[in-house]
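Chemist: Sharing a structure with you now.
2 protein chains.
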Amino acid sequence: MTDLAKGDRTRSRILDEAVDLASVQGLGGLTIGPLAERLGLSKSGLFAHFQSKEALQIETLDRAATLFRQDVTEPLRAVADRRERLRAFFERWIAWLDDSRLSGGCPILAAAVEFDDVPGPVHDTAARHLAELQRLIVKFARAARPDGDPDALAAAMIGLAMSHLVRTRLLGDRQARAVTMRAFDAVAAS
Amino acid sequence: MTDLAKGDRTRSRILDEAVDLASVQGLGGLTIGPLAERLGLSKSGLFAHFQSKEALQIETLDRAATLFRQDVTEPLRAVADRRERLRAFFERWIAWLDDSRLSGGCPILAAAVEFDDVPGPVHDTAARHLAELQRLIVKFARAARPDGDPDALAAAMIGLAMSHLVRTRLLGDRQARAVTMRAFDAVAAS
Chain W
152 MTDLAKGDRT RSRILDEAVD LASVQGLGGL TIGPLAERLG LSKSGLFAHF
202 QSKEALQIET LDRAATLFRQ DVTEPLRAVA DRRERLRAFF ERWIAWLDDS
252 RLSGGCPILA AAVEFDDVPG PVHDTAARHL AELQRLIVKF ARAARPDGDP
302 DALAAAMIGL AMSHLVRTRL LGDRQARAVT MRAFDAVAAS
Chain A
152 MTDLAKGDRT RSRILDEAVD LASVQGLGGL TIGPLAERLG LSKSGLFAHF
202 QSKEALQIET LDRAATLFRQ DVTEPLRAVA DRRERLRAFF ERWIAWLDDS
252 RLSGGCPILA AAVEFDDVPG PVHDTAARHL AELQRLIVKF ARAARPDGDP
302 DALAAAMIGL AMSHLVRTRL LGDRQARAVT MRAFDAVAAS
C-alpha cells in the first residue's frame, strides 16, 4: 500500500468513528482528545489529518451525508412507482435513524438544532446538507403527488423524522416507529 | 422588601436570563461564567442561588415550561370549540417559538435533542417536560377528533414544531410559518 492510500484509509477510519461519536455526543462534543483515544491514535496523529475541531466537524457532517445517500437514497432507484418511492424513502430514512451504523441518531439533524444560532462554517455545512435533503424530499413529493403541497409535505416529513428521534431516544417509546409510519401515511394521503 | 423576597426576585431574574441564553447556546452552553456576566453578578453570587451547572440547567427547563404554559396553554381556556382549540394551541405554539421572550427557540425541544443520549437528571427533566407536552397534545387531539389517531397527530405536531425551528433558524426560510400552518391543516384534517 502506498503512503497516500494508507493516509486515506486512516482518514476514512477517523471519519467513521467521528460520525458515530457525533451521533451520540453532538458535534459540539466531537473533540480531538476523546476521538483519538477511541481510535488508539495520538492527538498529534489525529491533528495530522484534521487541523482543527471545526474542520473535523465539517467533514464529519459530509461523511454522514454520504452514508445517508448510500443507505437511504441510492437503493430507491429500484422502486419504479412514484408514490411507493416516497414511502420507501421515508421508511428507509426512519430505519437508518433507528438501526444504522450510527449509535446515536443522525448527526445532521442534531447539528441543525445545535448550530442553528451559532454562525460559522459548521452552521453553513449543516444548513447546506439540510437544504439538500429538503430539495430531495420536495422532488419525491412532487413526483408522488403532482396535485399536492410538496413544501408542506417536506416540512411534515422532516419534522416526523426529528420527533421520531426524540420519541425513540429521549422518551424510549417502543411504539415510536409504528406511530411515525401511521403519521406519515396520514400526511402523505392528505 | 425582605431578604427572602429579594433573593426570590434575583433567582427569578437569573432564570429568565438563563432561559434566554439556553435558547441560543443550548443547555450545554449554559455555563455559570457567561450567565453571571450577562446579569452583572459575580460567579459566587450566582453560585449562591444555584449550586451547580446541572441544578441551573434543570431549573431553566422548568422555567421554560412555566413560560410555555403561561403564553400558550392558559389562554386556550377561552376557546370553546375543540377543533378550534387544537388549531389555536398549535398556532400559539409556533408564535411562541418565533416571537417569544426567547431569542433562540425553545430550550426544551433543543434539550430533547441535545440530551437524548446523555443519561442523568437533565435528560430526565427534558423527558418529563416533553412527555407532559405529548400528553397535552394527545388530549387536545382526542377531543378535536374522537375518531382520529391522536398519537400520530401528536407525533406530527411535535415534529412540525421542530422542523419549523430548523427551517426558520437554520435555513432562514421566510415562508416557514405559512408552510408549517398548511402542513398542520393537512395533518389535522387527515
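Chains W and A, in that order, give the protein sequences. Adding 151 to a residue's 1-based position in the first sequence gives its number in our numbering. Adding 151 to a residue's 1-based position in the second sequence gives its number in our numbering. C-beta atoms are modelled at their ideal positions from N, C-alpha and C, and glycine is treated no differently. None of these values were measured; they are calculated from a predicted model.
Please list the residues of the stretch 264-295 of chain W that have a C-beta atom closer than 9 Å to any C-beta atom in chain A, keeping them in chain order.
Modeler: Here the close residues are V264, E265, F266, D267, D268, V269, H274, A277, A278, L281, A282, Q285.
Chemist: When the Cβ atoms of the stretch 315-322 of chain W are set against those of the stretch 242-260 of chain W, are three or more pairs found closer than 8 Å?
Modeler: Judged by Cβ distances under 8 Å, the stretch 315-322 of chain W makes contact with the stretch 242-260 of chain W, as three or more pairs qualify.
Chemist: Could you give the uninterrupted runs of the beta strand (DSSP E) lying entirely in the stretch 259-299 of chain A, keeping only those of 3 residues or more?
Modeler: As far as the stretch 259-299 of chain A is concerned, it has no whole beta strand (DSSP E) run of at least 3 residues.
Chemist: Under the rule that 16 or more other beta-carbon atoms within 10 Å means buried, what is T153(A), buried or exposed?
Modeler: T153(A) is exposed by the Cβ-count criterion.
Chemist: Closer than 8 Å, CB to CB, is V175(A) near chain W or not?
Modeler: True, the Cβ-Cβ gap to chain W drops below 8 Å.
Chemist: State the CB to CB distance for the pair I245(W) and T331(W), rounded to an integer number of angstroms; the pair is presumed to be in contact (CB under 8 Å).
Modeler: Going by Cβ atoms, the distance from I245(W) to T331(W) rounds to 6 Å, so yes, they are a contact pair.
Chemist: If we ignore side chains and look at the alpha-carbon of each, how far apart do A305(A) and R233(A) end up?
Modeler: Roughly 15 Å separates the two Cα atoms.
Chemist: Could you give the DSSP three-state label for A246(W): helix, strand or coil?
Modeler: Three-state result, A246(W): helix.
Chemist: What separation, rounded to the nearest whole angstrom, lies between the Cα atoms of P185(W) and R214(W)?
Modeler: Taking the straight line joining both Cα atoms gives about 19 Å.
Chemist: Where D324(W) and G158(W) are concerned, what is the direct C-alpha to C-alpha distance, given to the nearest angstrom?
Modeler: Taking the straight line from one Cα to the other gives about 42 Å.
Chemist: What's the gap between the Cα of A206(W) and the Cα of D267(A)?
Modeler: Cα to Cα, A206(W) sits roughly 25 Å from D267(A).
Chemist: If we define contact as Cβ-Cβ less than 8 Å, is T331(A) a contact residue for chain W?
Modeler: It does; some Cβ of chain W falls within 8 Å.
Chemist: Return yes when the Cβ of L237(A) is within less than 8 Å of the Cβ of A334(A), no when it is not.
Modeler: No, these two residues do not count as a Cβ contact at 8 Å.
Chemist: Apart from the five residues on each side of it in sequence, which residues of its chain come closer than 7 Å, Cβ to Cβ, to H280(A)?
Modeler: For H280(A), where only same-chain residues beyond five positions count, the Cβ hits under 7 Å are L212, A216, I259.
Chemist: Helix or strand or just coil, what does DSSP make of V230(A)?
Modeler: Looking at V230(A) - three-state DSSP - the assignment turns out to be coil, as it is neither helix nor strand.
Chemist: Within 10 angstroms of the Cβ of R160(W), are there 16 or more other Cβ atoms? Answer buried if so, exposed if not.
Modeler: Result: exposed.
Chemist: Please list, in chain order, all residues of the same chain as G179(A) whose beta carbon is under 7 Å from its beta carbon, the five residues on each side excluded.
Modeler: E265, listed in sequence order.
Chemist: Pairs of beta-carbons, one from the stretch 218-235 of chain W and one from the stretch 285-305 of chain W, closer than 8 Å: are there three or more?
Modeler: Cβ pair count under 8 Å is three or more, so yes.
Chemist: Going along chain A, which residues have a C-beta under 9 Å from L248(W)?
Modeler: By Cβ distance, chain A contributes nothing, its closest Cβ being about 12 Å from L248(W), past 9 Å.
Chemist: Taking beta-carbon pairs under 7 Å, can you tell me which members of the stretch 170-200 of chain W lie near chain A?
Modeler: Against chain A - using a Cβ distance shorter than 7 Å - the residues of the stretch 170-200 of chain W are V175, G177, G179.
Chemist: Only counting the same chain, and skipping five residues up and downstream in sequence, which positions put a Cβ closer than 6 Å to that of T276(W)?
Modeler: Taken in chain order, the residues that qualify are I209, L212.
Chemist: Starting from L304(A) and walking both ways along the alpha helix (DSSP H), at which residues does that stretch end?
Modeler: Start and end: 301-316.
Chemist: With a cut-off of 8 Å on the beta carbons, I'd call A199(W) and L181(W) a contact; round off their distance for me.
Modeler: About 17 Å separates the two Cβ atoms, so there is no contact after all.
Chemist: L284(W): which of P226(W), L321(W), L248(W), R220(W) sits nearest, CA to CA?
Modeler: Closest by alpha carbon: R220(W).
Chemist: By the criterion of Cβ-Cβ separation under 7 Å, what are the contact partners of R320(A) in chain W?
Modeler: Per Cβ cutoff of 7 Å: D267, D268.
Chemist: Just the chain W side, please: which residues come within less than 8 Å of L311(A) by C-beta, in chain order?
Modeler: Going along chain W in sequence order, the residues near L311(A) (Cβ under 8 Å) are A306, A307, G310.
Chemist: Starting from T331(A), trace the alpha helix (DSSP H) in both directions and tell me its first and last residue.
Modeler: 327-340 is the extent of the alpha helix (DSSP H) around T331(A).
Chemist: Would you say A340(W) reaches chain A, if we count a Cβ-Cβ gap shorter than 8 Å as a contact?
Modeler: Closer than 8 Å to some Cβ of chain A, the Cβ of A340(W) qualifies, so yes.
Chemist: Using a Cβ-Cβ cutoff of less than 6 Å, which residues in the same chain neighbour R243(W) once the five nearest sequence positions on both sides are dropped?
Modeler: Excluding sequence neighbours, R243(W) sits near V223.
Chemist: Using a 10 Å radius around the Cβ and a threshold of 16 neighbouring Cβ atoms, would you call S193(A) buried or exposed?
Modeler: The residue is exposed, with fewer than 16 neighbouring Cβ atoms inside 10 Å.
Chemist: Between the Cα of H274(W) and the Cα atoms of A156(A), S163(A), Q176(A), which residue gives the shortest distance?
Modeler: Selected option, being the one with the closest Cα: Q176(A).
Chemist: Is the CB-CB distance between G310(W) and A261(A) below 8 Å?
Modeler: Against a cut-off of 8 Å, the Cβ pair of A261(A) and G310(W) comes out as no contact.
Chemist: Could you give the first and the last residue of the continuous alpha helix (DSSP H) run that contains G196(A)?
Modeler: Per DSSP, G196(A) belongs to the alpha helix (DSSP H) from 194-200.
Chemist: Among R328(A), A303(A), A329(A), A327(A), which one has its Cα closest to the Cα of A337(W)?
Modeler: Cα-wise, what sits closest to A337(W) is A303(A).
Chemist: Within its chain, find whatever has a CB closer than 7 Å to the CB of P272(A); leave out the 5 residues flanking it on each side and keep chain order.
Modeler: Only E205, I209 meet the Cβ criterion.
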